[in-house]
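Undergrad: Before anything else, here's the structure in question.
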Amino acid sequence: MSEQKKTTIVLFSGDYDKAMAAYIIANGAAAYDHEVTIFHTFWGLNALRKDENIVVKKGFMEKMFGKMMPRGAKKMGLSKMNFAGFGPKMIKDVMKKHNALSLQQLIEMAQEQEIKLVACTMTMDLLGLQQDELLDKIEYAGVAAYLADAEDGNVNLFI
Amino acid sequence: MSEQKKTTIVLFSGDYDKAMAAYIIANGAAAYDHEVTIFHTFWGLNALRKDENIVVKKGFMEKMFGKMMPRGAKKMGLSKMNFAGFGPKMIKDVMKKHNALSLQQLIEMAQEQEIKLVACTMTMDLLGLQQDELLDKIEYAGVAAYLADAEDGNVNLFI
Amino acid sequence: MSEQKKTTIVLFSGDYDKAMAAYIIANGAAAYDHEVTIFHTFWGLNALRKDENIVVKKGFMEKMFGKMMPRGAKKMGLSKMNFAGFGPKMIKDVMKKHNALSLQQLIEMAQEQEIKLVACTMTMDLLGLQQDELLDKIEYAGVAAYLADAEDGNVNLFI
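Here you go:
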């Protein structure tokens, strides 16, 4: 009787390409029957934002962070060769040409594959992000929950 | 009889936010009774620098690196939205407001929890950093020592 | 009877310093008898490019990526303090002074130590890189092969 393998990813980065890498590995692991968790913290939370403007009550600093950070997967930039938004356009064009899934589609697939998408409550607080601003069917937890998953993980990555 | 779990983190990055993430995970793991090591290499060494100017004998290149790199946790920038130092100020203000621990406090807590803080001797050499410039109670080792820890680690991250 | 330990590294980054860290850890692990794989994806593929211009048939976008990305280890920039190419020169000077191996030499050593160097075929497609443009004796595989290695890995890192 073999135990189920486990993959956990901390998604810290808010870069489109790094989030893509995280979701490709996660979806791959789920396809190989791993139990998979992606723990979104700091700028990685932006991948989980809804792309419309959600009106919530916030302090000044929190509003500023909210404005400055990209709203959702579609609006994230690249870690390299961003060229003021031109890089992401190139990557997306080339992805369409090769029939590669967009980050948004990879996130949807992750939800269909029942990958656990977790938003780090501590950094949500810091950046002033509220649950209404994030996608549905997300879990909310802190570093303790992450560690409980990761300590039995076969593959643990920080991206 | 259960064995003690083990967490190791390579802190390569010199960004304030990434170092915070490293120290939050490390302190969390120590609170859950993991044996924890943070191996500071390349720019991650800056988190261990004392914040005063320490006079040591150095070559020209080593002096330049010393001047250009941030002296200690307080002076590190952000990986995203640094805005010439404005970003770190915003983050620190918001952290104070939410009573979150600063990076400096997280490092102190790590030392109180007996997390092993290691400085990579090979990159100290390259960047011209000397032991007098780094915090007290740091260990000094190379990649072999890191691997000896990591190969039995439950959670191994590169940040 | 003890099993052979295993280290896997996803090299996502195209930064000279991060690739150095990856190859130093990999070579260290191989020296301690680990079975080691470096899976090069996205910008990390640039470390495997030959440094001459290889003429291959490509579409327009693929040509542009090919021009904009560094051709091989020698031409990669730093993640910090790149200063329009001055930073890498400083690091290389200081490495020479300390008799540290260059990234190119670290890659050669990795091949001598039979570290498995894998190029991610999916991102090769996206970035328009072809096998003729990459070093000899590289393996070509996708995320499934990476996961098959990593799920039994003792040390798994994303760099």
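Just so you know, the protein sequences line up as chains A, B and C, in that order. Each residue of the first sequence is one higher than the one before, counting from 73 in this note's numbering. Each residue of the second sequence is one higher than the one before, counting from 73 in this note's numbering. Each residue of the third sequence is one higher than the one before, counting from 73 in this note's numbering. We treat Cβ as the ideally placed atom computed from N, Cα and C, and that holds for glycine.
Measure how close the beta-carbons of methionine 133 of chain B and valine 166 of chain C come, nearest whole angstrom, since I'm counting them as under 8 Å.
TA: Confirmed, Cβ separation roughly 5 Å.
Undergrad: When you compare the stretch 123–142 of chain A with the stretch 187–200 of chain A, are there three or more beta-carbon pairs, one atom per stretch, that lie closer than 8 Å?
TA: Touching, per the Cβ criterion.
Undergrad: Using a Cβ cut-off of 9 Å, pull out every chain A residue sitting near leucine 229 of chain B, in sequence order please.
TA: Simply Val82, Ala222, Asn228, Leu229 and Phe230.
Undergrad: Let me know the secondary structure DSSP gives threonine 193 of chain C once reduced to three states.
TA: Three-state result, threonine 193 of chain C: helix.
Undergrad: If you check the beta carbons only, do threonine 79 of chain C and glycine 225 of chain C fall under 8 Å apart?
TA: Their beta carbons are under 8 Å apart, which means threonine 79 of chain C touches glycine 225 of chain C by this criterion.
Undergrad: Report back the beta-carbon spacing between alanine 182 of chain A and asparagine 118 of chain A to the nearest angstrom; my notes put them in contact at under 8 Å.
TA: About 16 Å; that fails the 8 Å criterion.
Undergrad: Helix, strand or coil, according to DSSP, for isoleucine 110 of chain C in the structure here?
TA: In this structure, isoleucine 110 of chain C counts as strand in the three-state DSSP scheme.
Undergrad: Does DSSP put lysine 135 of chain B in a helix, in a strand, or in coil?
TA: Three-state DSSP puts lysine 135 of chain B in a helix.
Undergrad: Tyrosine 95 of chain B touches chain A at which residues, Cβ-Cβ below 7 Å?
TA: Those do not exist, as tyrosine 95 of chain B stays about 11 Å from chain A at its closest Cβ, beyond 7 Å.
Undergrad: Going by Cα to Cα distance, which pick from B/Ala103, B/Ile163, B/Ile179 and B/Ile126 is closest to lysine 209 of chain B?
TA: The candidate whose alpha carbon is nearest that of lysine 209 of chain B is B/Ile179.
Undergrad: Going by the DSSP bridge assignment, what does leucine 83 of chain B pair with across the sheet?
TA: Leucine 83 of chain B is bridged to B/His112.
Undergrad: List in chain order: all unbroken alpha helix (DSSP H) runs of 4+ residues lying wholly within the stretch 120–191 of chain C.
TA: Complete alpha helix (DSSP H) runs here, min 4: 132–140, 158–169 and 175–184.
Undergrad: How should histidine 170 of chain C be labelled, buried or exposed, when 16 other C-beta atoms within 10 angstroms of its C-beta is the threshold for buried?
TA: Histidine 170 of chain C comes out exposed.
Undergrad: Near proline 160 of chain B, which residues of its chain fall below 8 Å by C-beta distance, leaving aside the five closest residues on each side in sequence?
TA: These residues qualify, in order along the chain: Tyr88, Met148, Gly149, Leu150 and Asn154.
Undergrad: Taking valine 127 of chain A as the reference, which of A/Leu206, A/Gly214 and A/Asn228 has the closest Cα?
TA: That would be A/Leu206, whose Cα lies nearest to the Cα of valine 127 of chain A.
Undergrad: To be precise: take each residue of the stretch 113–146 of chain B, compare its Cβ to all Cβ atoms of chain C, and keep it if any distance is under 9 Å. Which residues remain?
TA: Of all residues in the stretch 113–146 of chain B, Thr113, Phe114, Trp115, Gly131, Met133, Glu134, Met136, Phe137, Met140 and Met141 have a Cβ within less than 9 Å of some Cβ in chain C.
Undergrad: On a Cα-Cα basis, can you pick out the residue from B/Glu223, B/Val227 and B/Leu229 that is closest to alanine 102 of chain C?
TA: Ranking B/Glu223, B/Val227 and B/Leu229 by Cα distance to alanine 102 of chain C puts B/Glu223 first.
Undergrad: Taking aspartate 221 of chain A as the reference, which of A/Gln203, A/Asp204, A/Lys188 and A/Ile231 has the closest Cα?
TA: Nearest of A/Gln203, A/Asp204, A/Lys188 and A/Ile231 to aspartate 221 of chain A, Cα basis: A/Lys188.
Undergrad: Along the stretch 174–192 of chain C, what residues have a CB closer than 9 Å to any CB found in chain A?
TA: Within the stretch 174–192 of chain C, no residue qualifies.
Undergrad: Enumerate in chain order the residues of its own chain whose CB-to-CB distance from glutamate 107 of chain B is below 6 Å, with the five nearest sequence positions on each side excluded.
TA: Gln76 and Lys78, listed in sequence order.
Undergrad: Name, in chain order, the residues that DSSP records as bridge partners for leucine 206 of chain B.
TA: In the DSSP output, where bridge partners are listed per residue, leucine 206 of chain B has B/Arg121.
Undergrad: Along the chain, where does the alpha helix (DSSP H) containing leucine 219 of chain B start, and where does it finish?
TA: Start and end: 215–222.
Undergrad: Using only alpha-carbon positions, find the residue among B/Glu211, B/Leu229 and B/Tyr212 that is nearest to methionine 218 of chain A.
TA: Looking at the sequence shown, residue 218 of chain A is not methionine but tyrosine. The option with the nearest alpha carbon to tyrosine 218 of chain A is B/Leu229.
Undergrad: Would you decide whether lysine 90 of chain A is buried or exposed? Buried here means 16 or more other CB atoms lie within 10 Å of its CB.
TA: Buried, since its Cβ has 16 or more Cβ neighbours within 10 Å.
Undergrad: Pull up the CB-CB distance for phenylalanine 84 of chain A and isoleucine 231 of chain A, whole angstroms please, since I reckon it's below 8 Å.
TA: Contact holds; Cβ gap of about 7 Å.
Undergrad: Where does leucine 201 of chain B fall in DSSP's three states?
TA: Correct three-state label for leucine 201 of chain B: coil.
Undergrad: Between which two residues does the alpha helix (DSSP H) carrying asparagine 99 of chain A extend?
TA: Unbroken alpha helix (DSSP H) run through asparagine 99 of chain A: 88–103.
Undergrad: So which residues on chain A does aspartate 197 of chain C lean against when the C-beta distance must stay under 7 Å?
TA: His170, listed in chain order.
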